[in-house]
Amino acid sequence: MLIDTHAHLEMLEGVPEVIQRAEQAGLEKIVAVSSDLTSSEKTLDIAENFPMVFAAVGIHPHEASTMNDQMFSEIEKLARERKKVVAIGETGLDYHYMHSPREVQVSSLVKQIELANRLALPLVVHVRDAHDDVIKVLKEENRNNLKAVIHCFTGNYETAMKYIEMGCYISFSGIITFKNAEEIREAAIKIPIEKMLIETDSPYLAPVPYRGKKNEPAHVKAIAQKIAELRGISFEEIEEETTANAKNLFSFGTS
C-alpha cells in the first residue's frame, strides 16, 4: 500500500472519484495539504468525509503577506481541535515567484515552526530558490526535535543531506520522471531510503506517462515505480519503505 504525502485535494474536481481511483491504485492514505485558511477548512472537510485522507493546515509562502494574527489563531484552532490534522503546512520560503516579501515569508515560516513545536506536529516545507535560508531558519528554530518533510524536493544530493542531517525527510514528486531532473534523480538514488517519501503534489506535476494531464493521488504509483527503477530495487521495497516512513512522520493514529 502506498501513501501520497502531499496532494491539494480541494483543487481537484470529483473528489469521491479521485479517492476511488487512489484506492484502486493501491493507496492506503493521502495527506491533503493546505495553503491558507480557506483551503485548510476545505481540506479538513474532505479529510473528515474520507477515512483514508488526513490533513495538513497552514499558510503557503505565496500567501504569507495575507496572514494576520486572527488568521493564524484560526489555523492554530483547527490544528488543535480537529482530529484529522496530522501536520502544519505547507509553509516555507519561495524566492522564485516572490508573491510575498522575503522577511514576511520568513516570519510566517517561523510562526508555523513554533506552532508545530507547540503541538508536536510535523512541518510540511515548501522550498523554491531558498534552500540556504530554509536550512538556516530550521537550524535556528529546531528546539524540540522538530520533524519535517521537504516536499517536492528540487535540490541536489548535497542539499538533501543537509536537511537529512537535521532529521528532515525528503519527498520526491513527479519531477523525478522529467527529462531535465538529473540532480533530483541522483538524490533519489543516493539518500538513505529511510528518509524518503513520495508525493504527487496534485493537481500539479503529473509524472510521465501522465504529462499534460491533471495530476491526482493515484499517479503516485508511477513515482514509486521510477524510484525503484533508479535504485535498482523492487517496487514492493519502495512501497514498504516509503509507507513506513510516512507513518513514522505523520500521526495517523488508528484511523
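In this text, residue positions in the sequence shown follow the numbering used here: the first is 6, and each later residue adds one. Think of the CB as a built atom: it goes at the ideal place given N, C-alpha and C, for glycine as much as any other residue. Note that the coordinates shown come from a computational prediction; the quantities given were computed from them, not determined experimentally.
As assigned by DSSP and simplified to three states, the class of residue i
i, result
"residue 175", "strand"
"residue 120", "helix"
"residue 249", "helix"
"residue 8", "strand"
"residue 260", "With a pLDDT of 41 at residue 260, under the threshold of 50, the modelled position of that residue is not reliable, and the figure given next carries that caveat. Coil, per DSSP."
Residue of the options minimising C-alpha distance to residue i
i, options, result
"residue 26", "248, 225 and 115", "225"
"residue 152", "244, 251 and 30", "251"
"residue 168", "178, 155 and 179", "155"
"residue 186", "19, 159 and 170", "159"
"residue 57", "188, 134, 126 and 8", "8"
"residue 258", "90, 79 and 240", "90"
"residue 79", "48, 43, 99 and 107", "43"
"residue 199", "35, 210, 253 and 115", "253"
"residue 86", "189, 62 and 231", "62"
"residue 240", "249, 229 and 135", "229"
"residue 206", "180, 217 and 233", "180"
Neighbour-count burial assignment, residue i, 16 or more Cβ in a 10 Å radius
i, result
"residue 289", "This structure leaves residue 289 out entirely; the chain is present only between 6 and 260."
"residue 113", "buried"
"residue 94", "buried"
"residue 137", "exposed"
"residue 163", "exposed"
"residue 238", "exposed"
Alpha helix (DSSP H) segment containing residue i, residue limits
i, result
"residue 202", "Taken as a continuous stretch (DSSP letters only), residue 202 belongs to no alpha helix (DSSP H), being part of the beta strand (DSSP E) at 201–203."
"residue 211", "Where residue 211 is concerned, there is no enclosing alpha helix (DSSP H), given that its DSSP letter is neither H nor E."
"residue 165", "162–170"
"residue 185", "From DSSP, residue 185 is part of no alpha helix (DSSP H); its letter is neither H nor E."
"residue 218", "Looking at the DSSP string, residue 218 is not in any alpha helix (DSSP H), and its letter there is neither H nor E."
"residue 22", "20–29"
"residue 44", "42–54"
"residue 15", "Premise fails: residue 15 is in no alpha helix (DSSP H) and is neither H nor E."
"residue 233", "225–236"
Residue interval of the beta strand (DSSP E) (run including residue i)
i, result
"residue 34", "32–38"
Discussion item. At 4 residues or longer, what runs of the alpha helix (DSSP H) sit wholly inside the segment 60–117?
Written reply: 74–86
Practice prompt. Output the residue ranges of the beta strand (DSSP E) runs that lie fully inside the segment 127–159 and measure 3 residues or longer, sorted by chain position.
Written response: 128–133 and 153–155
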